[in-house]
Amino acid sequence: MNAANLLAQIVVVALAVAAAPLFMAWVGQCRAWLANRRGPGLLQPYRVLRKLFHKDAVLATRASSLFRIAPYVQFGAMACAAAIIPLLGTDLPFATAADAIALVGLFAVARVFLALAAMDIGTAFGSLGARREMLVGFLAEPALLMVFFTASLIAHGTALPAMATAITGHPLAIYPSLAFAAVAFLMVLLAENARIPVDNPATHLELTMIHEAMVLEYSARHLALIEWSAALKLFNYCAIGFALFLPWGLPDRVGSGMLAALPVVALKFAAAGAGLALLETVSAKMRIFRAPEFLATAFLLAVLGLLVRLLLGS
Amino acid sequence: MLAVPPLWLAIGAAGLLRPRSLRLSALWLFPLGAAAAFVLAAASLAELAEPAQSLVLPLGLPDLPFHLRLDPLARFFLFLLGAAAGGVSLFAAGYFRKGEGTAPGLLCLQYHVFLAGMAMVLLADDAYLFMVAWEVMALSSFFLVTTQHRIAAIRSAGFLYLLLAHLGAISILLCFGVLQGGGWQFTFDAMRQAHLATPWSSVAFGLAVLGFGAKAGLVPVHVWLPEAHPAAPSPVSALMSGVMLKTAVYGLLRVSLDLLPQPQWWWGLALLGLGLFGALFGVIFAAVQTDMKRLLAYSSIENLGIIFGGLGLVLLFAASGHPLMAALALSATLYHCLNHAFFKSLLFLATGAVLHATGERSLGKLGGLIHRMPWVAWLALIGTLAIAGLPPLNGFVSEWLLLQAFLFTPQLPQPFVNMLVPLGAAALVLSAALAAYVMVKFYGVIFLGQPREPALARAHDCGRLERIGLSWLAAGCIALGLLPVPMLALLDAVVRQLLGTGLGTLAPWWRLAPVAVERASYSPPLFLLVGGAVTLGAAWLVHRLYHGRVRRAAAWDCGFPLQNARMQDTAEGFGQPIRQIFEPYFRMQRELPAPDDPRPAYRVTVEDRFWGALYLPAAAAAQATARLVGKLQQGRIAVYLLYSFVTLLALLVFVL
Amino acid sequence: MTHLPWSAQFIHLAAAVLLLLSFAMLTQRRILSLLDLFATQGAVLAASTAIVAYSSGRAELYYSAALTFALKVLLLPYILHRLLRRLNVRWEAEPLLNVPTTLLVGLLLVIFAFALAQPISQLATTLTRSTLGIAIAVVMLSLLMMITRRKAVSQVVGFLALENGLFFAATSATYGMPMVVELGIALDVLVGVLILGVFFFQIREQFDSLDLRHLEALKEE
């Protein structure tokens, strides 16, 4: 692990952390355009974050220190995840510290801490949000792992760089199993990031919210960190999607190739954001108890992908 | 090392000197027992890879001496016993109080006999000693479970436990009967030499699964576990769940990989299916429990299910000629045994501390204890995160290893098994994710939120010895999570003994890469370092660039003015999604209040379907048979004499 | 697997999409969407038949592809659409099993089908023989759909999807059936749908609904 690699790693993580709110803003902007509105502009999340960081934090009198730790843990977990995912190259040093399973574990750490923090104050909405979040989580997490397993059968390993290079390394071939996995992954992405068919990021309607219900009691810098890590989570999920299903254009060593890959990656994100906005615009939010069906479908699709891979060998 | 079990017996006997004295047992005997346990753990760990040593004791029946043997497998489980029991004994020293059923001295005797019994099970090298030790373990734990024997529910829980323990013991006895293979030699060495035909070895395996499964809480012979664990005092539940269940795993390992010849592939498949079914079953039921110790008991069923599933995978691979994969699966399974011993003991002890502080076991009457009992709460948080399988703690390591074993499934000779194994991985992943749900419920309802009863404001944190015990177990969770490679290197001796092949070199110490780094690797120290650095760095930057000002105010809750403790999710409420999703799998009874009820109460009871489907019919059948036998009893001496006469005649005919 | 020619890879993809569509049909509650899924399935089937025709050079398979397209993408969905509009049926009643359980059963059926097909596909000579397992799975899933549904229309769609699976099995394992057989089956299916359509009206006349639960009253008391 030499200094150049380490530096590249730090730069990539910093880039991901800095660009995540931008991506969130881009999705929001596209949604606004699709709804024939003008939209707040791409810098809005940064303004919100700045405002929140400047405010005094208001804590509930009953809050324990777990409540104060949770936003930092969540932010740390998401930044750590950004270091694991091959975003701009497949040869970064931290990639060997954790594989796809550990990545899922990292997401689980963030989720469990946030859910515990939501229960800490002891309000009705907090525990409601925690319960619903864990409900979504316990179905989405296995589905995500099964998606990774399908990819790992092709790559012969659960290391993310191996998965990213498995498809590009060979002559072009069609993998039907990956088609199943991709559909499942998309469903998990929507559910895990509180996007529309499962949760609605734009509303605070009490009875339907999941993510927002958990973070109701947070304010100021804690809320800023939570919002930021939510943006980072969406960013990370998209990056995982690219690494698994569209890994073209990733350099396999540290160096100037990474700079060249930057526009390709930016293009992928722009397209993904537009697609996500379109998907959210045309679909309607479902009842909370349809969500298990939605996620069970994702889980079973991923398992089917695994089986198809075993049967067809492709 | 061999001196420890007699020492425990001596400590237990010393308790009888002054059975009513709490000071003697709390201040001297339990800490002494803990010290002996730590010595046992350290010695076993140091000698783990040494060659096997045998010893014949001139005890027992004439011509039937006790055989002892120390090999890596036994040493590993002795280490597990010592490491977990040390922490539990320290906690127990501060835990037992006056006026709780059995007198302290007697309790001390039962407790240490239980420890010695478990150690002897692990040391035994012949069926005779094994059964004696097994029964000692079962009986002493029965007395420990019924410590508060004045409560009827606890008595019936104890009897259920005794019944299933004996069902298991009979099955194990029959298994040994098959294993001796006609040589009528009951030492394990003779059993290794015996050449069993395949059908007979399958019978022996089936009996072993039933017998040891009954002790380990394998579904469907699991029903005693959720009854006995809550009934027992918490240190005893911790020992039973953390250690005693592992002796059953030890027994099955001993029989299937050491005593029996080459395993059959379908044994593995059957065990895999049973184990994973048990894992899902346990975790789903854990999610709907409202008693904190019952919840943990069901979680034990889940974890043991995972362990048995892992064993199934080992047998499957070993039988199909993939020793390296079998070694990986076996390492994962053994590691999970060790992990479970640590985190489950920790959590049971934490529930004990909560029980003592509040007198409540029902989740519906707890809450907010993190403010009143910070030590217990934060140490229990470590256990909670570990059992939920979160990195970088220990539960994640074994889950990771087991998933790797599932994923690197090579081409097995049976095509449909090839397809079932990924489904097994899916079931494992699902139960692990549900475990996180269960543990958030467990921790959140007990320690977080508002206290649900006014009496909770008087709760107090646990004492010093209890803190040390809890801290030791929590430290074990962290150490096993951060340094899996050295531990796995030690485990290699056990794996090599059982399978002939080990995992090989695992260097460097900070990175776990069982197959190849390019394929899969996980480095917990680096993981913690980077995660911690990023988290702390973010906190520092935020405070540095902006400020750290905090104001306290009432909770907002969407502006809702009335916020009392009854508005939080109860344990039932938190489990409701699981009840709804898995509704067909439960036997549920719901009582909804009428709309005009002035004191509305909602009650739901969730029962095991196995009770109605398996146990009640079995009990009815047993009673019917007993009635038939009762017809023999006429009360007239002439009839009894007739029976004796007929028996005599029959025997004579048989001899002829 | 990367050594397979393009045509075989496309057929594998088609097989996977067919399976995906079968699962989608299993979970779909809206009957109109069910019809759309069925039409898509027909289109995929026609495309894969055309690819088989191209790669094996058998001209008659082009005809059968065209026939499939005409019948299963255009004609049958059109007839069923009209029927639905006339009968005014939109939603499926709550299915007999809940969705996750249905999917789980479906998954077990797929494994069973794959295990079943493994020895058979060893005997087949075509490049795409491993798709046979998927074809059997599609047949079984369609049967499952017919079992779990209450509305008569969805049962007919299930029946048609079943025929799709059989057709796919024939093309992928043996390069199709003789033309005469195929034409016969096509005609059978068409007539079958027409007759069932008449039945729908009769059932509704009788019970004022298309829910098949009402047929349960027809047993002897």
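Residue numbers (the numbering used here), protein chains in the order written: chain Z, 81 to 394; chain B, 20 to 675; chain R, 897 to 1117.
Yeah, the Cβ is synthetic: ideal placement off N, Cα and C, and Gly gets one too.
Bear in mind that the values here come from a model prediction, so they are computed numbers and not experimental data.
Would residue i count as contacting chain Z if we go by Cβ distances under 8 Å?
i: R:P901; result: no
i: R:S929; result: no
i: B:D9; result: For residue 9 of chain B there is no data in the structure shown, the boundaries of chain B being 20 and 675.
i: B:L499; result: no
i: B:A305; result: no
For residue i, return the contacting residues in chain R, with the cut-off set at a CB-CB distance below 9 Å.
i: Z:P222; result: What Z:P222 touches in chain R: nothing, since even the nearest Cβ is about 13 Å away.
Taking C-beta pairs closer than 9 Å, name the residues in chain B that residue i reaches, listed in chain order.
i: R:I1007; result: F435, M438, L439 and L442
Using a cut-off of 8 Å between C-beta atoms, extract the partners of residue i located in chain Z.
i: B:S542; result: T176, A177 and A178
i: R:P1015; result: Chain Z residues near R:P1015: none, gap ~13 Å exceeds 8 Å.
Check the Cβ of residue i against every Cβ in chain R and list those closer than 8 Å, keeping chain order.
i: Z:F265; result: Chain R residues near Z:F265: none, gap ~14 Å exceeds 8 Å.
i: Z:P372; result: P996
i: Z:I254; result: Q905, F906, H908 and L909
Identify the contact partners of residue i in chain Z, using a Cβ-Cβ distance below 7 Å as the criterion.
i: B:E537; result: G237, A239 and A242
i: B:V553; result: G156, A159 and C160
i: B:L475; result: By Cβ distance, chain Z contributes nothing, its closest Cβ being about 12 Å from B:L475, past 7 Å.
Would you verify that the beta carbon of residue i is, or is not, closer than 8 Å to some beta carbon of chain B?
i: Z:V295; result: no
i: Z:V128; result: no
i: Z:F218; result: yes
i: Z:I290; result: no
i: R:F1010; result: yes
i: R:M897; result: Residue placement at R:M897 cannot be trusted, given a pLDDT of 42 that sits under 50; what the coordinates show is reported in the next sentence. Cβ-Cβ to chain B under 8 Å: no for R:M897.
i: Z:S144; result: yes
Can residue i and residue j be called in contact, C-beta distance under 8 Å?
i: B:V18; j: B:L548; result: Since the first residue of chain B shown is 20 and the last is 675, residue 18 of chain B is not available in this structure.
i: Z:P277; j: Z:F374; result: yes
i: Z:A246; j: Z:I234; result: yes
i: Z:V128; j: B:L404; result: no
i: B:A360; j: B:K265; result: yes
i: B:S253; j: B:Y114; result: yes
i: Z:P101; j: Z:P120; result: no
i: B:A451; j: B:G408; result: yes
i: Z:A210; j: B:G463; result: yes
i: B:W27; j: B:H168; result: no
i: B:A558; j: Z:Y298; result: no
i: B:L125; j: B:P239; result: no
i: B:W378; j: B:G468; result: As written in the sequence, residue 378 of chain B is Gly, which differs from the Trp given in the question. The answer is no: Cβ separation not under 8 Å.
i: B:V268; j: B:C356; result: yes
Can you tell me whether residue i is helix, strand or coil according to DSSP?
i: B:V625; result: strand
i: B:Q204; result: coil
i: B:V242; result: coil
i: Z:K365; result: coil
i: B:L675; result: coil
i: B:K650; result: coil
i: Z:G329; result: coil
i: B:R655; result: coil
i: B:S381; result: strand
Does any C-beta atom of chain R lie closer than 8 Å to the C-beta of residue i?
i: Z:I368; result: no
i: Z:V92; result: no
i: Z:A402; result: The question about residue 402 of chain Z has no answer, for chain Z in this structure spans 81 to 394.
i: Z:F260; result: yes
Per DSSP, which residues does residue i bridge with? Please list them.
i: B:Q608; result: B:T624
i: B:Q72; result: B:L89
i: B:L388; result: Note: B:L388 sits in no beta bridge, so no partner.
Closer than 7 Å to a non-hydrogen atom of the ligand MN - does that hold for the CB of residue i?
i: Z:F349; result: The ligand MN is absent from the structure shown, which contains no ligands of any kind.
For a contact defined as C-beta to C-beta under 7 Å, what are the partners of residue i on chain B?
i: Z:A188; result: L409 and A455
Can you name the residues of chain B whose CB is closer than 8 Å to the CB of residue i?
i: Z:V383; result: P441, L442 and A445
Which chain Z residues sit within Cβ distance under 9 Å of residue i?
i: B:Q469; result: R142, I201, G202 and T203
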